[in-house]
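Here the structure is laid out as C-alpha cells; the discussion comes afterwards.
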Amino acid sequence: MNFKIKNKMADAKAMDRTITRLAHEIIEKCKGIENIAMIGIRTRGEYLAERLVAKIEKIEGVKLPLGILDVVMYRDDFRTKHKLPTIEVTHIPFDVDNKILVLVDDVIYTGRTVRAALDALIDFGRPARIQLAVLVDRGHREMPIKPDYVGKNFPTAPGEEVRVLVKEVDNEDGIQLVEEER
Amino acid sequence: MNLSIKHLYGLEGVPKEDIQAILSTAFSFREVLERPVKKVPTLQGVTVVNLFFEPSTRTRISFELAEKRLSADTVNFSASSSSLSKGESLKDTIQNIFAMKIDVVVMRHPVPGSVKLLSQFVDAVVINAGDGTHEHPTQALLDMMSLQEKVGDMEGMNVAIVGDIRHSRVALSNIHGLKTMGANVMVCGPPTFIPVGIESLGVKVTYQLEEALEFADAINVLRIQRERQGTGLIPSLREYRNLYGITRERLDRLSKPITVLHPGPMNRGVEIDSDIADGEHAIILHQVLNGVASRMAVLFLLAGAK
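So the sequences go chain by chain: A and B. Numbering of the first sequence is given in the working numbering, commencing with residue 62 and proceeding in unit increments. Numbering of the second sequence is given in the working numbering, commencing with residue 49 and proceeding in unit increments.
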C-alpha cells in the first residue's frame with residue numbers, strides 16, 4: 062500500500078507547542094505531579110512520553126518515572142494480519158501499584174491499542190488510576206475509550222491516515238494527513 | 049516479521065534472519081517472565097500437544113511453561129502411559145490426537161527424522177524437541193541467546209563444544225546455528241566421541257581439551273550419557289574426567305575469561321566440577337530461563353503465523 066501526503070497538519074514548532082500544552086494540562090488535572098508516572102506505547106508514544114517528561118521537568122523541576130510498553134502481545138488482530146508484528150521489549154522500571162499512570166500514544170483511532178495497553182498494565186500491578194494522553198484523535202472509535210488529554214482533533218475520512226513523525230525515528234517532527242494511493 | 053520456516057525440524061538450513069528474529073523476540077518475551085503476572089494472552093485459543101516419546105524433565109517443563117505463559121492450551125502425552133504400550137502405531141496415535149484439532153505439536157522421539165515425518169501426516173505446526181541423535185534446535189537457540197547476552201555478538205566468536213559429539217543432538221544443532229551466526233566452532237572429545245567427517249560441517253576438531261580451552265571464548269560442555277557406559281567408547285568416567293573434565297585448575301590456567309554452558313542434566317564431578325558449575329564462569333541457570341523465553345519466541349513466531 063502506498064500513501065501520499067495530503068496535508069501537513071503541524072510542523073515541528075506547532076507539535077512542540079501542543080506537547081507543551083499537554084504537559085500543562087496533565088499537571089493541572091492531576092493537581093501537581095505527585096505519584097504520576099508516564100508510560101509510552103511503542104513506537105512513537107515512547108518518544109512523545111519522553112518529551113512530556115522533559116517538559117514537566119522544566120515546569121515543575123521533577124523528573125517523572127518513564128516506562129515503555131509494547132502491546133503486540135496483547136493485540137486482538139495480529140493473527141488476522143498478513144504479517145506478524147515484531148515484539149519489542151517492554152520496560153517499566155518502577156512499581157505501578159497506587160500510581161497515576163499516564164498512557165501516551167501518538168494517534169488514537171479504533172481504541173484497540175489502548176485496550177491492549179490497559180490489559181498489559183493490569184498485569185504489572187494495581188495502579189490508582191490510568192489516564193490517556195494522545196497527540197492526535199482521528200475518530201472512528203470501536204471501543205468505549207476516551208482520552209483524557211488530546212493534542213489535536215482531526216476527524217478523518219476512510220482511506221485517510223494520520224502520521225505523527227518524531228525525529229528519533231523519522232528524522233523530523235510533524236503531523237501529516239496521508240491518503241492511500243489507488 | 050514472519051519466519052521463512054513453517055516448522056522447526058532443526059537449525060540446519062535455517063537462515064540467519066530467522067535465527068535473529070527468534071532471538072530478539074525471545075529477549076522481549078523474557079521480560080514477561082519477570083513480571084508479577086507472568087502471562088500474556090498472545091496465543092489464546094491455540095492448542096499445543098507435547099508428545100514425548102523419551103524421558104525429559106527440563107525440555108518438557110520448559111515447553112509447557114512457555115505454552116502456558118502465552119495462554120495456549122496444552123495437552124501432554126508421554127509414551128509410557130499411552131496406548132503405544134497397547135501396540136498402537138505412532139501414525140495412528142498421532143492421527144487420533146490430531147482428530148481432536150491441535151494447532152501445534154512439540155515432539156521428542158528417539159528416531160532421527162521422526163519429527164519431519166510427523167509433519168507429513170498432520171496439518172499442524174511441528175516443533176522438534178529432540179529427535180534421537182539428530183537435532184535439538186530449541187536447546188541451541190537458548191544456548192545462542194545466552195551467548196549473545198553474556199558474551200556478545202556471535203559473529204567471530206570462538207565456541208568449543210566438548211564431550212560426546214557423536215551422540216549429541218545438542219552439538220549438531222549448536223554447530224548449525226553457530227555457523228549460521230558467524231561463530232567459529234571447535235569440537236573436542238575422545239576420538240570415539242567425534243563422528244567421522246564432522247569437519248565437513250566447517251568445524252575444527254581437537255582431541256586435546258587444552259587446545260579447545262585456549263581457542264574458546266565460550267565452551268558448551270555436553271553431558272556424558274551414562275546410558276552409553278559399558279559400550280567401550282571410554283574406559284571409565286574417572287579417566288574421562290581426568291582428560292576432559294572442566295575443572296577449576298584447568299580454567300585458572302587460562303589467561304582470558306571463558307564462559308561455560310551446559311545443557312543439563314549435569315554429571316557433577318565427571319564432565320564438569322561443581323566448583324565451575326556453580327561458579328562465576330557458568331551461565332547454566334541463565335540458559336534455563338532463556339530456554340522458556342526462546343521457546344515462547346518459537347511458538348509465537350510459528351503458531352502466530354499459521
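Just so it is clear, CB atoms sit at the ideal spot from N, CA and C, and this is done for glycine as well. Just so it is clear, the structure is predicted and the values come from calculations on it, not from any experiment.
Pairing A/L196 with A/V230 gives a Cβ-Cβ distance that is not under 8 Å. Within the DSSP bridge table, the entry for B/F125 names B/L99 as partners. According to the DSSP assignment, A/H85 belongs to the alpha helix (DSSP H) that extends over 73–90.
If you draw a straight line from the Cα of B/P239 to the Cα of B/Y255, it comes to about 7 Å.
The Cβ atoms of B/G237 and B/G211 lie closer than 8 Å to each other. For A/I80 against A/V163, the beta-carbon gap comes to about 13 Å, at or over 8 Å, which does not count as contact.
Going by DSSP, B/R296 is part of no beta strand (DSSP E) but of the alpha helix (DSSP H) stretching over 296–300. With the rule of 3 Cβ pairs closer than 8 Å, the segment 193–209 of chain B counts as touching the segment 219–239 of chain B.
Every alpha helix (DSSP H) stretch that sits fully inside the segment 168–230 of chain B and reaches 4 residues is listed by chain position as 185–198, 217–228. The segment 294–305 of chain B makes contact with the segment 259–267 of chain B; the number of CB pairs closer than 8 Å reaches 3 or more. Per DSSP, A/L182 is one residue of the alpha helix (DSSP H) stretching across 173–183. Under the DSSP assignment, A/A194 falls in the beta strand (DSSP E) whose first and last residues are 190–198.
Counting every other CB atom within 10 Å of its CB across the protein chains shown gives B/P311 a total of 16 or more, marking it as buried. For B/S342, the nearest beta carbon of chain A is not closer than 8 Å to its own beta carbon.
When C-beta distances to chain A are compared with 9 Å, the residues of the segment 65–77 of chain B below that value are A69, S72, T73, F75, S76, F77, in chain order. Where B/M234 is concerned, there is no enclosing alpha helix (DSSP H), although the beta strand (DSSP E) around it starts and stops at 232–236. Excluding sequence positions up to five before and after B/F111, its CB lies within less than 7 Å of the CB of N98, V154, A177, R343, all in the same chain and listed in chain order.
Taking 8 Å as the threshold, the shortest C-beta distance from B/E79 to chain A falls below it.
For the pair A/H152 and A/L179, the Cα-to-Cα distance works out to about 15 Å.
Annotated three-state conformation of A/I120 is helix, per DSSP. In the displayed model, B/Y57 falls within coil according to three-state DSSP, outside both helix and strand. In this structure, the CA atom of A/Y170 is about 53 Å from the CA atom of B/A325.
Using a Cβ distance threshold of 8 Å, B/T107 and B/R156 count as a contacting pair. The C-beta of B/F241 has 16 or more other C-beta atoms within 10 Å across all chains shown, which makes the residue buried. Counting along the chain, the unbroken beta strand (DSSP E) around A/Y210 starts and ends at 210–214.
In this chain, A/M204 is not harboured by any alpha helix (DSSP H), its DSSP state being neither H nor E. Residue contact with chain B for A/R140: present (Cβ-Cβ distance below 8 Å to some residue of chain B). Residue pairing of B/F348 in beta bridges, as defined by DSSP: absent, with no partner found. If you draw a straight line from the Cα of B/P185 to the Cα of A/E89, it is about 55 Å long. When the Cα atoms are used, A/P146 and A/A84 turn out to be separated by approximately 31 Å. For B/I67, there is no enclosing beta strand (DSSP E); the enclosing alpha helix (DSSP H) has its first and last residue at 64–80. Here B/S76 really is in contact with A/E149; their C-beta atoms are around 6 Å apart, less than 8 Å.
Taking each of B/T307, B/V269, B/M229, B/S216 in turn and checking the Cα distance to B/E275, the smallest one comes out for B/S216. B/V62 is positioned such that its CB atom lies no closer than 8 Å to that of B/V152.
For the pair B/D321 and B/H329, the Cα-to-Cα distance works out to about 12 Å. Burial check for A/V175: the Cβ neighbour count within 10 Å reaches 16 or more, so the residue is buried.
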